[in-house]
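> Dropping the structure in here first, questions after.
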Amino acid sequence: MTGGLQARRAPSLLSVYAFLVYAFLYFPIVVLLVYSFNGSGVGGFPPAHWTLDWYRQLFGDGALWEAVWNSVFVAVVAVTIALGLGLPAALALDRTNFPGKALFRRLVLLPLILPGIITGLSLLMLFVAVGMKLSLVTITLGHGTALISVATTEIFAGLQKLERAQEEASLDLGANHWKTFWRVTFPNLRVSLIAAALLIFTLSLDEIAVSFFLIGRANTLPLEIWSRLRRGITPEINAISTLILVFSIAMILLWYRLRTRLQHVEEARAPLVPASIEGETA
Amino acid sequence: MTKAAPLAAVSGTAATVAAPILSIRQVSKRFGQRPVLHGISLDVASGEFLTILGESGSGKTTLLRLIAGFEDLDSGEIWMGAERLDRIPAHRRQVNTVFQSYALFPHLSVFDNVAYGLRAKNTAQAEIPERVTQALAMVQMGEFAQAAPAKLSGGQQQRVALARALVNRPRVLLLDEPLSALDANLRRQMQVELKSLQREVGITFIFVTHDQEEAMALSDRVALLRAGLLEQVAPPREIYGEPETAYAAQFIGQTNLLRAEVKEGIATAGPIVWRTFGASGKATYSLRPECIRLVTESAGLPFANADVSGGRFRGRVRSQAFGGAMDLLEIDCGGANTIRARIANPGILTGEREFEFAATDAIRVREGEPE
Amino acid sequence: MYSRAYKAGVTIPPLLWVTVFLLVPYAILFCYSFWSVSPAQVILHNWNLQNYFQLLRNPIYVQVLLRSIRIAASVTVFALLLGYPLAYYLSFHAAKRKDLLYQLVIIPLWASYLVRGYAWKTILGSDGVLNGFLQYLHITHKPVEFFLYSPFAVIITLTHIYTPFMLLPIYASLEHIPRNLVEASHDLGSSSWSTFRRVILPLSLPGVLAGATFAFVLTLGDFLAPLLVGGPSGIMISNVVVSLFGAAYNWPLGAAISFGMMLLVVTLLLITERLEKRLVIS
Chain Z
1 MTGGLQARRA PSLLSVYAFL VYAFLYFPIV VLLVYSFNGS GVGGFPPAHW
51 TLDWYRQLFG DGALWEAVWN SVFVAVVAVT IALGLGLPAA LALDRTNFPG
101 KALFRRLVLL PLILPGIITG LSLLMLFVAV GMKLSLVTIT LGHGTALISV
151 ATTEIFAGLQ KLERAQEEAS LDLGANHWKT FWRVTFPNLR VSLIAAALLI
201 FTLSLDEIAV SFFLIGRANT LPLEIWSRLR RGITPEINAI STLILVFSIA
251 MILLWYRLRT RLQHVEEARA PLVPASIEGE TA
Chain D
1001 MTKAAPLAAV SGTAATVAAP ILSIRQVSKR FGQRPVLHGI SLDVASGEFL
1051 TILGESGSGK TTLLRLIAGF EDLDSGEIWM GAERLDRIPA HRRQVNTVFQ
1101 SYALFPHLSV FDNVAYGLRA KNTAQAEIPE RVTQALAMVQ MGEFAQAAPA
1151 KLSGGQQQRV ALARALVNRP RVLLLDEPLS ALDANLRRQM QVELKSLQRE
1201 VGITFIFVTH DQEEAMALSD RVALLRAGLL EQVAPPREIY GEPETAYAAQ
1251 FIGQTNLLRA EVKEGIATAG PIVWRTFGAS GKATYSLRPE CIRLVTESAG
1301 LPFANADVSG GRFRGRVRSQ AFGGAMDLLE IDCGGANTIR ARIANPGILT
1351 GEREFEFAAT DAIRVREGEP E
Chain P
2001 MYSRAYKAGV TIPPLLWVTV FLLVPYAILF CYSFWSVSPA QVILHNWNLQ
2051 NYFQLLRNPI YVQVLLRSIR IAASVTVFAL LLGYPLAYYL SFHAAKRKDL
2101 LYQLVIIPLW ASYLVRGYAW KTILGSDGVL NGFLQYLHIT HKPVEFFLYS
2151 PFAVIITLTH IYTPFMLLPI YASLEHIPRN LVEASHDLGS SSWSTFRRVI
2201 LPLSLPGVLA GATFAFVLTL GDFLAPLLVG GPSGIMISNV VVSLFGAAYN
2251 WPLGAAISFG MMLLVVTLLL ITERLEKRLV IS
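Protein chains in written order, with my numbering: chain Z, 1 to 282; chain D, 1001 to 1371; chain P, 2001 to 2282.
This is the structure we're talking about:
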């Protein structure tokens, strides 16, 4: 649909504008990065002398590392929950038909569009009602719940790219649904699952809106940073923020590359599939 | 004009058969609001090569998928022997499919692909290598056992798909347009191989295609499907020589449809007149191009078979195209449409001159929606 | 061809989780909204509609709500002004660098909210980068106060956050426009601008609608940006809720406001969904 037409040279006004928008999007990131090396601290202009002091400070900061560890723990469990429930949900949406399917879809995807405060608060009320103390566990449950929608969306996209005929072939040859899933669907879905895991991991590490309400004694990294912010801005925060950003960017790029690799695999297979197979029901 | 003598029935010219291996009874299927199959009934004889022929949208692939178990029927029954097939889930049916896209597992070698079904049914480990090798040899892919499917050509993948299905010794093999992705020469070659393979293993083949030439070449019987209903079920010669409907006559091979008025044994379609035994009234006749002879040569002399009986008509030749054994002529005889004829070595006939032609065999057909 | 067992197996686990961790909490939230709090800080289960009336009658709340709507609308408009041209550039003029440029948009989309909000905080403050820069160039002689801790700061920060959210659906719908339509339009004598106005813009409306809904809804429910950069004059409705769950201890009222927000979001979603369907068909 998008191929075949040579992109015409853009009117220069548009190109400049596009550049400016990119500049706006990256300006704060660049500032953050630059000032994390700035000797004279967070504000002011121009940045004075170059230093690695702030990063050095980070390494000695015990509380921060504890928060990092907590965040990783939460993220790993959240990924497990999100994928573990997102996979059946995606299968249900992609494969089966049942009454109430539209409602099911809306329900599962709701946390994507609902502001985090609502998800966070209502979960808080649940935990209070059941008498569960707020802790990393509650944060994990919150992340898992909120991220099921991301998992479902990603895995659904991955399922759509699978050649349905392969699964039918597996059934046809005598393997039941369970065997078919493990021997045919799952191996072909692996890359999608890894990509989804990367994305969810990153989102969980950065999550703050829902976590805000579910925090107990232990802090996740964003919450630790938040509490420090209340005491005032320090360049150390710049440093850790930069590190977070660099890590997130790496993960996001990795996720994206994996996903587009799938697209190329699908396109490479295309010549072997006659055009009439798509959509023909006779 | 006479009708061709009825052929000896191969396995029944109707849709029913004695002791069928597969019996499709009143099967209907709809997708959402759209009906695709309307109460189809068809028996399949054991060991036959049956082709389900139809345009896209006719329901042929849907019918196949119902037999395989990838769709559930809305109404009707499918029986295999004494068992109700449609009640059995896909993976337990003794039916295997060769998919249009081959659907080989890319993460498994050719050997593992073929062995897949055997392993899924927990066949004895010792038996597997022998059976796989045998199946691959049957399709001449023995050397490729360790290859990755992605590295094979379309034709090679298709053979592996065939081996993968046959190794399981199904009672019925379903083939969903397996040759449509191949180029013309490879296709003809594969048609020959498929036919002899089927004879060799003796398994019932149900073959789906939209290519009528393919259907004619391969099948013991052809089931012509149109808009979810069976138009005609018959062996190739019969469906070609004695089409029951105008659609069948036009879909398979080429024909001229003559809309005639029959009165007391004489049929008149424009300038063409002939004797017939049909009932009086309006009727449609199918006249195949090769059933037209040239009566006069260009020099005005009578042609060799001048005593050929049949409906005579005169006309000018509008166009003439070389077609190998016969030329394809378009004759303008004053009627509504031109008559297409296939005549061997007629000489150049185009121009203003009128020639005389004879139509030797017209079959009366039904028109309209399938019943 | 999927048995009842299969269908049950894929729908029940996610449904169960979503029921326990989304539906039940929403139900609890709903119940709380009808209760009230006694002066002794005890939650009374005296079912009434007082909280909802309070929300609409109390001038402070109404004021904050109106401000929130204004901010959300502004952010949506700005994000559209920034996002649409960039999406257009990406879709029609990017050609070889499309993939790279697309990745450059994905990064700010998924990268940490907190980090980016913090970055704006350091930029806009009175000792921040922006003020420093302006003073360095002698454009101003003392710090401009309203950059930070104002609705202005909130709008800039949230525009920055939600422009990628706006961009992606617009980009998706632009990509869906068959290029031969554009060519046909040019062929028939229509200028670039005219083609844009009469062919491209209408066909991209579903994406615009989706992006605008996303941006508006998420901004309306945002509470982090106001806390970071909003100050007292930048408070939004979600901050009111946060304080009601914190120091101001009135959970029922907070629940009522949250539930009201939820109703608003769901209603908006349903409306835009219906609009989108009509747009796509026409």
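Just so you know, even glycine gets a beta-carbon here, dropped at the ideal spot from N, CA and C.
Could you tell me whether the Cβ of P/G2230 comes closer than 9 Å to any Cβ of chain Z?
Taking the first residue of the third sequence as 1, we reach residue 2230 of chain P at position 230. Not an interface residue.
> From this set, P/G2189, P/K2277, P/S2192 and P/S2258, which residue's C-alpha is nearest P/C2031's C-alpha?
Taking the third sequence and counting its residues from 1, the one referred to as residue 2031 of chain P is at position 31. Per the Cα distances, P/S2258.
> Would DSSP call D/A1147 helix, strand or coil?
Along the second sequence, one-based indexing puts residue 1147 of chain D at 147. Three-state DSSP puts D/A1147 in coil, outside helix and strand.
> Below 7 Å on C-beta distance, what does Z/P187 contact in chain D?
Position 187 of the first sequence, counting from 1, holds the residue named residue 187 of chain Z. Residues of chain D passing the Cβ test: H1107.
> Below 8 Å on the Cβ atoms is my guess for D/L1022 versus D/V1098; work out the distance and round it to an integer in Å.
What you label residue 1022 of chain D is simply residue 22 of the second sequence in a count that begins at 1. What you label residue 1098 of chain D is simply residue 98 of the second sequence in a count that begins at 1. Contact doesn't hold; Cβ gap of about 17 Å is too wide.
> Could you give the C-beta distance for Z/L171 and D/A1115, rounded to a whole number, given that I count them as a contact under 8 Å?
Against the first sequence, residue 171 of chain Z aligns to sequence position 171. Against the second sequence, residue 1115 of chain D aligns to sequence position 115. Going by Cβ atoms, the distance from Z/L171 to D/A1115 rounds to 17 Å, so no, they are not a contact pair.
> Output the distance between the C-alpha atoms of P/S2185 and P/R2197, rounded to the nearest integer angstrom.
What you label residue 2185 of chain P is simply residue 185 of the third sequence in a count that begins at 1. What you label residue 2197 of chain P is simply residue 197 of the third sequence in a count that begins at 1. Going from the Cα of P/S2185 to the Cα of P/R2197 covers about 11 Å.
> Is it the case that the segment 2109-2124 of chain P contacts the segment 2142-2156 of chain P, given that we only count it when at least three CB pairs across the two stretches are under 8 Å?
The segment 2142-2156 of chain P, when compared against the segment 2109-2124 of chain P, does touch it at the 8 Å Cβ threshold.
> Using a C-beta cutoff of 9 Å, does Z/S15 count as contacting chain P?
Indexing the first sequence from 1 puts residue 15 of chain Z at position 15. Yes, its Cβ sits closer than 9 Å to a Cβ of chain P.
> On the premise that D/A1267 lies in contact with D/T1276, defined as a C-beta separation below 8 Å, what is that separation, rounded to the nearest angstrom?
In the second sequence, the residue the question calls residue 1276 of chain D occupies position 276. In the second sequence, the residue the question calls residue 1267 of chain D occupies position 267. Between D/A1267 and D/T1276 the Cβ distance is about 5 Å, and since that is below 8 Å, they are a contact.
> Where does the unbroken alpha helix (DSSP H) through P/L2244 begin, and where does it stop?
Against the third sequence, residue 2244 of chain P aligns to sequence position 244. Here the alpha helix (DSSP H) through P/L2244 covers I2237 to L2244.
> Alpha carbon to alpha carbon, how far is D/F960 from D/S1109?
Only positions 1001 to 1371 of chain D appear in the structure, and residue 960 of chain D is not among them; the question remains open.
> Would you be able to state if there are at least three C-beta pairs under 8 Å between the segment 164-178 of chain Z and the segment 96-114 of chain Z?
At 8 Å Cβ cutoff, the stretches do not touch.
> Under the DSSP definition of a beta bridge, which residues are partnered with D/L1175?
To locate residue 1175 of chain D, count along the second sequence from 1; it is residue 175. Beta-bridge pairing links D/L1175 to D/V1098 and D/F1207.
> In chain order, what residues of the segment 2065-2078 of chain P put their CB closer than 7 Å to some CB of chain Z?
Listed in sequence order: no entries.
> Nearest chain D C-beta to P/S2233 closer than 9 Å, yes or no?
As a first step, residue 2233 of chain P must be located in the third sequence, where it is residue number 233. Chain D contact via Cβ: absent.
> Compare the Cα-Cα distances from D/V1352 to each of D/I1331, D/T1062, D/T1284 and D/Q1250 and report the closest residue.
Position 352 of the second sequence, counted from the start, is the residue given in the question as residue 1352 of chain D. In the sequence as presented, Val is not what sits at residue 1352 of chain D; that position holds Glu. Nearest C-alpha to D/E1352: D/I1331.
> Quick check: is the beta carbon of P/F2133 nearer than 9 Å to any beta carbon in chain Z?
Here residue 2133 of chain P corresponds to residue number 133 of the third sequence, with the count starting at 1. Yes, because at least one Cβ of chain Z sits closer than 9 Å to the Cβ of P/F2133.
> Along chain D, which residues have their Cβ under 7 Å away from the Cβ of Z/D172?
Numbered from its first residue, the first sequence carries residue 172 of chain Z at position 172. Chain D residues near Z/D172: A1068, A1090, N1096 and T1097.
> Taking all protein chains shown into account, decide if D/V1017 is buried (16 or more other Cβ within 10 angstroms of its Cβ) or exposed.
Mapped onto the second sequence, residue 1017 of chain D falls at position 17. D/V1017 comes out buried.
> My guess is that Z/A146 and Z/V210 are in contact by the Cβ rule of under 8 Å, so how many angstroms apart are they, rounded?
Here residue 146 of chain Z is taken as the residue at index 146 of the first sequence, counted from 1. Here residue 210 of chain Z is taken as the residue at index 210 of the first sequence, counted from 1. About 5 Å; that satisfies the 8 Å criterion.
> Would D/S1101 count as contacting chain Z if we go by Cβ distances under 9 Å?
For the purposes of this step, residue 1101 of chain D is taken as the residue at position 101 of the second sequence. Answer yes: the Cβ-Cβ gap between D/S1101 and chain Z drops below 9 Å somewhere.
> Among the candidates P/V2075, P/W2047 and P/S2033, whose CA atom is the shortest distance from the CA of P/L2263?
As a working note, residue 2263 of chain P is residue 263 in the third sequence. It is P/S2033 whose Cα lies nearest to the Cα of P/L2263.
> I think Z/E154 touches Z/A218, with their Cβ atoms under 8 Å apart; what is that distance to the nearest whole Å?
Here residue 154 of chain Z refers to the residue found at position 154 of the first sequence. Here residue 218 of chain Z refers to the residue found at position 218 of the first sequence. With 8 Å as the limit, Z/E154 and Z/A218 do not qualify as a contact, their Cβ atoms being about 29 Å apart.
> Going along the chain, which residues of the segment 1069-1084 of chain D sit with their C-beta nearer than 9 Å to a C-beta in chain P?
Residues passing the 9 Å Cβ filter: G1069, F1070, E1071 and D1072.
> Based on the DSSP output, what are the partners of D/W1079 in its beta bridges?
If you number the second sequence from 1, residue 1079 of chain D lands on position 79. Note: D/W1079 sits in a beta bridge opposite D/S1023 and D/R1084.
> To be precise: take each residue of the segment 1107-1129 of chain D, compare its Cβ to all Cβ atoms of chain Z, and keep it if any distance is under 7 Å. Which residues remain?
Within the segment 1107-1129 of chain D, the qualifying residues are H1107, Y1116, G1117, A1120 and K1121.
> Can you name the residues of chain Z whose CB is closer than 8 Å to the CB of P/K2007?
Translated into the one-based positions of the third sequence, residue 2007 of chain P becomes position 7. By Cβ distance, chain Z contributes A92, T96 and F98.
> Quick one: is Z/M125 near chain P, going by C-beta distance under 9 Å?
For the purposes of this step, residue 125 of chain Z is taken as the residue at position 125 of the first sequence. Closer than 9 Å to some Cβ of chain P, the Cβ of Z/M125 qualifies, so yes.
> Cβ closer than 8 Å: which chain Z residues qualify as neighbours of D/A1168?
Locating residue 1168 of chain D in the second sequence gives position 168, where the first residue counts as 1. At residue 1168 of chain D the sequence reads Asn, which differs from the Ala that was named. Chain Z residues near D/N1168: L173 and G174.
> Examine the Cβ distances between the segment 2155-2164 of chain P and the segment 2069-2089 of chain P and report whether three or more of them are shorter than 8 Å.
Contact holds: three or more Cβ-Cβ distances are below 8 Å.
> So the beta strand (DSSP E) D/S1286 belongs to, where does it begin and stop?
In the second sequence, counting from the first residue as 1, residue 1286 of chain D sits at position 286. First-last of the beta strand (DSSP E) with D/S1286: G1281 to L1287.
> Taking the DSSP output, what are the residues bridged to D/G1311?
By 1-based counting over the second sequence, the position of residue 1311 of chain D is 311. In DSSP, D/G1311 forms a bridge with D/A1359.
> Using only the alpha-carbon positions, how far apart do D/I1292 and D/E1244 sit?
What you label residue 1292 of chain D is simply residue 292 of the second sequence in a count that begins at 1. What you label residue 1244 of chain D is simply residue 244 of the second sequence in a count that begins at 1. Rounded to the nearest angstrom, the two C-alpha atoms are 20 Å apart.
> Within 10 Å of its beta-carbon, does P/R2057 have 16 or more other beta-carbons around it, so buried, or fewer, so exposed?
As a first step, residue 2057 of chain P must be located in the third sequence, where it is residue number 57. Exposed, since its Cβ has fewer than 16 Cβ neighbours within 10 Å.
> Kindly indicate the opening and closing residues of the beta strand (DSSP E) around D/L1073.
For this step, residue 1073 of chain D is matched to residue 73 along the second sequence. Run containing D/L1073: none; DSSP gives neither H nor E here.
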